Amino acid sequence: MSVTTTSTRDLLETPVLKSAISKASRRLMPMLVILYVVAFLDRTNVGFAEAALGVDKGITAGAYALGAGIFFIGYALFEIPSNLLLTKFGAKVWLARIAITWGIVSACFAFVQGETSFIILRFLLGVTEAGLFPGVIMFLAAWFPNKVRVKMFAIFYLAQPFSQMLGAPLSGWLINIGDQVPGVQGWQVMFFVEGMLAVIAGIAAYFFLINSPQDAKFLNKDEKNALLEVMALEDTVKEESGPHGVLAAMKNGKVWYFTIIYFCLQIAVYGVTFYLPQQVAQLTGQKVGIAVGLMAAIPWFFGIFACYFIGKAANTVVRRRVWGTGLFISTGLCIFGSAWAGANHIPALGIIFITLAVCSFLSIGPIAWSYPTAFLTGTAAAAGIGLINSLGNLGGFVAPILRTSVNQITASETGTMGVYALGVLPFLAAAMMFATRRFKNKADELLEQ
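Here you go:
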């Protein structure tokens, strides 16, 4: 069966399909955003406990960097198996299981006794959370046509800035409150409470998520048929132009190409995120707490608007390539700028550069994921998307180690050289994103106006 661009466009313009997409978005997206808000919070709240863990439990900077990064080793090892199990058990069961188990592990950080238990728990957190992000990407690819998928990805990505905007002051507040409770430390209260939030979100996900349009009782018959028809047309194009099966996806050159791009992106994301509270504290000369938490929320507040509006604007192949290239360049330049401002003790300029860097790398994610979901389907999607996300996320393992190592080698007391090192790879990703114009195929044509 051959699918034409015109036939797909015509379907997308019908009122009944627009109604189906609108209903699906309102029903599914809030729960998915909540899941990722809690996931990103539990993944990065360790930044608020770094200093306290050193004082209370003797965890050194090197052990902290290893623990912060080893999360992604566990994540990478279990990503593809988790994706394949999701296709077997269904999204609602598997995504709920992921949230509940990672929430339990996250709460256990309240009982860390030293470097060994800290590193083991960070590894287990990666193992239990593996599959959440690519599982949601696959879930959205099964529910929403290519033309609107980047917008849905962008809404999902809003969880990151919401998590940091709300989670940063929440973490600071929980630490302050916990410090007033006899017999416990503030960081223990933070880990336990935020871990339990994930457990609650996982239970809710089981009742709110629906595996596929076929099972959606909130759609009427015409809406359901229209959505199923357009998704079937797109799946046919993917089958004609993309790899088939797990092994074919893992050997596909385009899958590895986007893995490198995503790796460069995650170097920037986690290089900034893991150390944002400390960088803000250093810029302002204040102790990590609720005041620093509020200031650390500023970049994520502006990131909400950047991510949504750029995701909405990047609705063709050409626009996505142009936006993606420019945003990677902006990310690198702004990371450099934040390091320069810190070295020269210019707090306001440093916060501005950090804000622009966050806005840039947040907006890249939805654009980057539009490419592999346009040519991967079935088990090839489970393997390919899992490979891109798992190996790409190793950037989160490399980033803190790279930053710490460069600072030690250069004897950088302010940490400036380590930040400079993090800003290099986004420029490589910019060149690769620009070169995606040579990847145009049948699947990409569905994205054109």
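Numbering (my numbering), first residue to last: 1321 to 1769. C-beta atoms are modelled at their ideal positions from N, C-alpha and C, and glycine is treated no differently. These numbers were taken from a predicted model, which means no experiment stands behind them.
- [ ] Kindly indicate the opening and closing residues of the alpha helix (DSSP H) around residue 1411.
- [x] Reading the sequence shown from its first residue, position 91 is the one you call residue 1411. Counting along the chain, the alpha helix (DSSP H) containing residue 1411 begins and ends at 1411 to 1427.
TODO: Compute the distance between the beta-carbons of residue 1361 and residue 1532, then report whether it is under 8 Å.
DONE: What you label residue 1361 is simply residue 41 of the sequence shown in a count that begins at 1. What you label residue 1532 is simply residue 212 of the sequence shown in a count that begins at 1. Against a cut-off of 8 Å, the Cβ pair of residue 1532 and residue 1361 comes out as no contact.
Open item on the list: Quick check: what's the CA-CA separation for residue 1518 versus residue 1422?
Closed with: Here the question's residue 1518 lines up with position 198 in the sequence shown. Here the question's residue 1422 lines up with position 102 in the sequence shown. Cα to Cα, residue 1518 sits roughly 7 Å from residue 1422.
Open item on the list: Between the alpha carbons of residue 1623 and residue 1671, how many angstroms are there, rounded?
Closed with: Within the sequence shown, numbered from 1, the residue matching residue 1623 stands at position 303. Within the sequence shown, numbered from 1, the residue matching residue 1671 stands at position 351. Using only the alpha carbons, I get a separation of about 13 Å.
Open item on the list: Short of 8 Å in beta carbon distance, which residues of its chain neighbour residue 1382, apart from the five on each side in sequence? Order them along the chain.
Closed with: Translated into positions along the sequence shown, residue 1382 becomes position 62. Excluding residues within five positions, the ones whose Cβ falls inside 8 Å are 1724.
Task: Element boundaries [alpha helix (DSSP H), containing residue 1568] - done: Here residue 1568 corresponds to residue number 248 of the sequence shown, with the count starting at 1. Here the alpha helix (DSSP H) through residue 1568 covers 1566 to 1571.
TODO: Spell out a yes or no on whether the stretch 1421 to 1436 and the stretch 1394 to 1407 are touching, meaning 3 or more CB-CB pairs, one atom from each, closer than 8 Å.
DONE: Too few Cβ pairs lie closer than 8 Å, so no.
- [ ] Give the straight-line distance between the Cα atoms of residue 1325 and residue 1695, rounded to the nearest whole angstrom.
- [x] Within the sequence shown, residue 1325 is the residue found at index 5, counting from 1. Within the sequence shown, residue 1695 is the residue found at index 375, counting from 1. Note on residue 1325: pLDDT 45, under 50, position unreliable in the model; no value is reported.
TODO: Note down the Cα distance separating residue 1594 from residue 1367, rounded to an integer number of angstroms.
DONE: Residue mapping note: residue 1594 aligns to position 274 of the sequence shown, counting from 1. Residue mapping note: residue 1367 aligns to position 47 of the sequence shown, counting from 1. The alpha-carbon atoms of residue 1594 and residue 1367 are separated by roughly 5 Å.
Task: Own chain, CB closer than 6 Å to residue 1720, minus 5 neighbours either side, in chain order - done: For the purposes of this step, residue 1720 is identified with residue 400 of the sequence shown, where counting begins at 1. Within the same chain, and ignoring the five residues on either side of residue 1720 in sequence, the residues whose Cβ sits closer than 6 Å to its Cβ are 1385, 1388, 1389, 1594.
TODO: Report back the beta-carbon spacing between residue 1457 and residue 1660 to the nearest angstrom; my notes put them in contact at under 8 Å.
DONE: By one-based count along the sequence shown, residue 1457 stands at place 137. By one-based count along the sequence shown, residue 1660 stands at place 340. Not really, about 35 Å apart at Cβ, beyond 8 Å.
- [ ] Classify residue 1503 as buried or exposed, calling it buried when 16 or more other Cβ atoms lie within 10 Å of its own Cβ.
- [x] Translated into the one-based positions of the sequence shown, residue 1503 becomes position 183. Flag for residue 1503 reads exposed.
TODO: Could you pull out every residue in the same chain whose Cβ sits closer than 7 Å to the Cβ of residue 1757, ignoring the five residues on either side in sequence?
DONE: For the purposes of this step, residue 1757 is identified with residue 437 of the sequence shown, where counting begins at 1. 1641.
Task: residue 1717 versus residue 1736: straight-line alpha-carbon distance, rounded - done: Taking the sequence shown and counting its residues from 1, one reaches residue 1717 at position 397. Taking the sequence shown and counting its residues from 1, one reaches residue 1736 at position 416. So the two alpha carbons sit approximately 19 Å from each other.
Task: Cut-off 7 Å between Cβ atoms - residues of its own chain near residue 1357, not counting five sequence neighbours on either side - done: What you label residue 1357 is simply residue 37 of the sequence shown in a count that begins at 1. These residues qualify, in order along the chain: 1479, 1482, 1483.
Open item on the list: Quick check on the burial criterion: 16 or more other C-beta atoms within 10 angstroms. Buried or exposed for residue 1664?
Closed with: Taking the sequence shown and counting its residues from 1, the one referred to as residue 1664 is at position 344. That one is exposed.
Open item on the list: So the candidates are 1726, 1711, 1745, 1740; which of them puts its Cα closest to the Cα of residue 1450?
Closed with: Within the sequence shown, the letter at position 130 stands for residue 1450. Minimum Cα distance to residue 1450 is reached at 1711.
Task: Reference residue 1436; option with closest CA among 1747, 1693, 1379, 1512 - done: Translated into the one-based positions of the sequence shown, residue 1436 becomes position 116. The shortest C-alpha to C-alpha distance from residue 1436 to any of 1747, 1693, 1379, 1512 is the one to 1379.
Task: Inter-residue Cα distance where the pair is residue 1644 and residue 1565 - done: Position 324 of the sequence shown holds residue 1644. Position 245 of the sequence shown holds residue 1565. Rounded to whole angstroms, residue 1644 to residue 1565 spans 29 Å at the Cα level.
- [ ] Only counting runs of 3 or more residues, tell me where the beta strand (DSSP E) segments fall wholly within the stretch 1670 to 1724, in order along the chain.
- [x] none
- [ ] Answer with buried or exposed for residue 1494, where buried requires no fewer than 16 other C-beta atoms within 10 angstroms of its C-beta.
- [x] Taking the sequence shown and counting its residues from 1, the one referred to as residue 1494 is at position 174. Per the 10 Å Cβ criterion, buried.
Task: Per-residue DSSP class, three states only, for residue 1343 - done: In the sequence shown, residue 1343 corresponds to position 23, counting from 1. Of the three classes helix, strand and coil, the one that applies to residue 1343 here is helix, per DSSP.
Open item on the list: According to DSSP, simplified to helix, strand and coil, what is residue 1464?
Closed with: For the purposes of this step, residue 1464 is taken as residue 144 along the sequence shown, with counting starting at 1. Three-state result, residue 1464: coil.
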